[in-house]
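Take 1 as the starting number for the sequence shown in the UniProt record's numbering and just add one per residue. Virtual Cβ for every residue (Gly too), placed ideally from N, Cα, C. All values derive from a computational prediction rather than experimental measurement. Quick notes on the structure that follows.
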Amino acid sequence: MKIDQLISRFKKQEHQVFIIAIDGGGGAGKSTLARALKEKIGGNTTVVHADDFYQVAEKRNNSIGGNWDLNRLEEQLLKPLSQNKKARYERYDWETDQLAESHTVPSGGFVIVEGCYTMMKHLLPYYQFSIWVDSPQKIRLQRGIERDGEGMRSMWEDVWMPDEQAYIQEQNPAQSADLVISGTASDYVTPSQK
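Written out as structure tokens, the structure is:
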């Protein structure tokens, strides 16, 4: 599916916020799709990365999505936006393992929330549209290592990918999605779609 076809599904209303979730395994192509959608939609469009809601080390747990602070995502971002209020959240700093500066997301326009676990069942009611990006595990791992470096391979293979697989098996986010697209198809990010 091409960007133009996706955009035609989204009807912008200036006085309301339209929240889009983009979920998929690590390295699936979520951030790439979010950037392409933002560029194509233009105007009042904000992209929020779920990686900004990673859990500080002392609070991580083995539950599904337990490495992410999904409560903070809900309370600081999704709830205010769903009430047509501006949202303010603190970004997780991956180098210091602490919460860093605050970011403000205006009410109204489009907000694209991209990242793993953004389509957990308890978060779905906040979204007006949801997209699952499907990519083979081998390709996702390759992309992740290219992006994060070989030193992160064990995190990918031993932590993140098994956790994501448990999430997929238990919650089946692709089935809940309004749209499932391939993260290996290039037609949604080609320059001809700009």
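For residue i, three-class secondary structure by DSSP
{"i": "I20", "result": "strand"}
{"i": "I181", "result": "strand"}
{"i": "Q175", "result": "helix"}
{"i": "W132", "result": "strand"}
{"i": "Q137", "result": "helix"}
Outcome for residue i when other beta-carbon atoms lying within 10 angstroms are tallied against a minimum of 16
{"i": "W94", "result": "exposed"}
{"i": "K30", "result": "buried"}
{"i": "R143", "result": "buried"}
{"i": "G183", "result": "buried"}
{"i": "Q76", "result": "buried"}
{"i": "D69", "result": "buried"}
{"i": "D97", "result": "exposed"}
{"i": "D158", "result": "exposed"}
Nonlocal neighbours in the same chain, by C-beta distance under 8 Å from residue i, ignoring five residues either side
{"i": "A100", "result": "E90, R91, Y92, D93"}
{"i": "I168", "result": "G25, A174"}
{"i": "A50", "result": "W68, L73, V113, E114, G115, C116, Y117, T118"}
{"i": "Y54", "result": "N67, W68, D69, Y92, W94"}
{"i": "D134", "result": "G24, A28, A174, V180, I181, S182, G183"}
{"i": "R60", "result": "G66, N67"}
{"i": "P136", "result": "T184"}
Inter-residue spacing [alpha-carbon to alpha-carbon] between residue i and residue j
{"i": "I131", "j": "L141", "result": "21 Å"}
{"i": "V17", "j": "S82", "result": "7 Å"}
{"i": "G27", "j": "L33", "result": "11 Å"}
{"i": "S154", "j": "D178", "result": "33 Å"}
{"i": "S176", "j": "G115", "result": "16 Å"}
{"i": "A57", "j": "I145", "result": "22 Å"}
{"i": "K86", "j": "P80", "result": "6 Å"}
{"i": "D23", "j": "L124", "result": "11 Å"}
{"i": "P162", "j": "Q171", "result": "14 Å"}
{"i": "E164", "j": "K138", "result": "14 Å"}
{"i": "N84", "j": "N71", "result": "19 Å"}
{"i": "H122", "j": "D148", "result": "30 Å"}
{"i": "S102", "j": "D52", "result": "10 Å"}
{"i": "E150", "j": "W156", "result": "10 Å"}
{"i": "Y127", "j": "M152", "result": "32 Å"}
{"i": "G108", "j": "M120", "result": "23 Å"}
{"i": "A185", "j": "N62", "result": "33 Å"}
Residue-level contact to chain D via CB, residue i, 8 Å cutoff
{"i": "W94", "result": "Judged by its chain identifiers, the structure shown contains no chain D, having just a single protein chain."}
Residues that DSSP places opposite residue i in a beta bridge
{"i": "residue 199", "result": "With the chain represented from 1 up to 194, any question about residue 199 goes unanswered, as that position is not in the structure."}
Own chain partners of residue i with C-beta closer than 6 Å, once the 5 adjacent residues on each side are dropped
{"i": "K12", "result": "For K12, the pLDDT reaches just 48, beneath the cut-off of 50, and the residue's location in the model is therefore unreliable, although a value from the coordinates is still provided. Contacts found: none."}
{"i": "K38", "result": "T45, V47"}
{"i": "F110", "result": "F18, I41, T45"}
{"i": "I20", "result": "I112, F129"}
{"i": "G43", "result": "none"}
Same chain only: Cβ atoms within 7 Å of residue i, ignoring 5 sequence neighbours per side
{"i": "W160", "result": "G26"}
{"i": "V105", "result": "T46, V48, L77, L81, K86, A87, V111"}
{"i": "A166", "result": "I64"}
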